[in-house]
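Numbering (the working numbering), first residue to last: 58 to 219.
Here the structure is laid out as structure tokens; the discussion comes afterwards.
Below, the structure written as structure tokens:
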């Protein structure tokens, strides 16, 4: 339903964002969705940065998905979908991996995976991100908006470069 909403009222903005970003062959997409992508990364992955695309927001408070109000990486704020926007699979231990969200609007972030759940808001201007050591495994990623049912296009950049 979110995709239909954006195709009807904001298709130009999404199409522009979609067309200006290079395609990534290593992604699989959720069925029926041309935007929400998953990735599987190993040490030395290419291209670096790897980019995922999506639309922020939803109806569920991020604090409910995270099962906490705040984590050591930041507050669990905003509203997200009930299901994750992306699944990131890391096949190796990463001594350093940087996940940054970029959007024209203020967004929030929830990441749940091996070792716990992390939230963030406004690490770089109004964009959330998490950087540091990452264990191998499956990570679920939600990108939220501050207002319920408020949706904005975004990209996620994943990089091993400090």
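Don't be surprised by glycine CBs; every beta carbon is placed ideally from N, CA and C.
Every value quoted in this text rests on a predicted model; they were computed, and no experiment measured them.
Through-space distance from residue j to residue i, alpha-carbon basis
| i | j | result |
| --- | --- | --- |
| residue 162 | residue 212 | 12 Å |
| residue 173 | residue 205 | 25 Å |
| residue 158 | residue 139 | 19 Å |
| residue 122 | residue 207 | 17 Å |
| residue 117 | residue 187 | 21 Å |
| residue 209 | residue 198 | 16 Å |
| residue 215 | residue 101 | 12 Å |
| residue 150 | residue 202 | 30 Å |
| residue 193 | residue 217 | 14 Å |
| residue 200 | residue 112 | 8 Å |
| residue 133 | residue 125 | 7 Å |
| residue 179 | residue 107 | 21 Å |
| residue 181 | residue 189 | 15 Å |
| residue 195 | residue 219 | 22 Å |
Helix, strand or coil at residue i according to DSSP, with G and I counted as helix
| i | result |
| --- | --- |
| residue 120 | helix |
| residue 102 | coil |
| residue 200 | strand |
| residue 217 | coil |
| residue 183 | coil |
| residue 205 | coil |
| residue 91 | Legend: pLDDT at residue 91 = 42, less than 50; position of this residue unreliable, value from coordinates given subsequently. Of the three classes helix, strand and coil, the one that applies to residue 91 here is coil, per DSSP. |
| residue 210 | strand |
| residue 191 | strand |
Pair within 8 Å by beta-carbon distance, residue i and residue j
| i | j | result |
| --- | --- | --- |
| residue 177 | residue 131 | yes |
| residue 127 | residue 110 | no |
| residue 96 | residue 154 | no |
Nearest candidate by alpha-carbon position, reference residue i, set the options
| i | options | result |
| --- | --- | --- |
| residue 185 | 119, 194, 152 and 166 | 166 |
| residue 175 | 149, 148 and 156 | 156 |
| residue 168 | 98, 191 and 107 | 191 |
| residue 137 | 152, 164 and 153 | 164 |
| residue 135 | 120, 181, 97 and 105 | 120 |
| residue 147 | 104, 183, 170 and 105 | 170 |
| residue 99 | 142, 141 and 152 | 152 |
Enumerated in chain order, which unbroken segments of the alpha helix (DSSP H) with a length of 4 residues or greater are wholly contained in the stretch 107-181?
119-123
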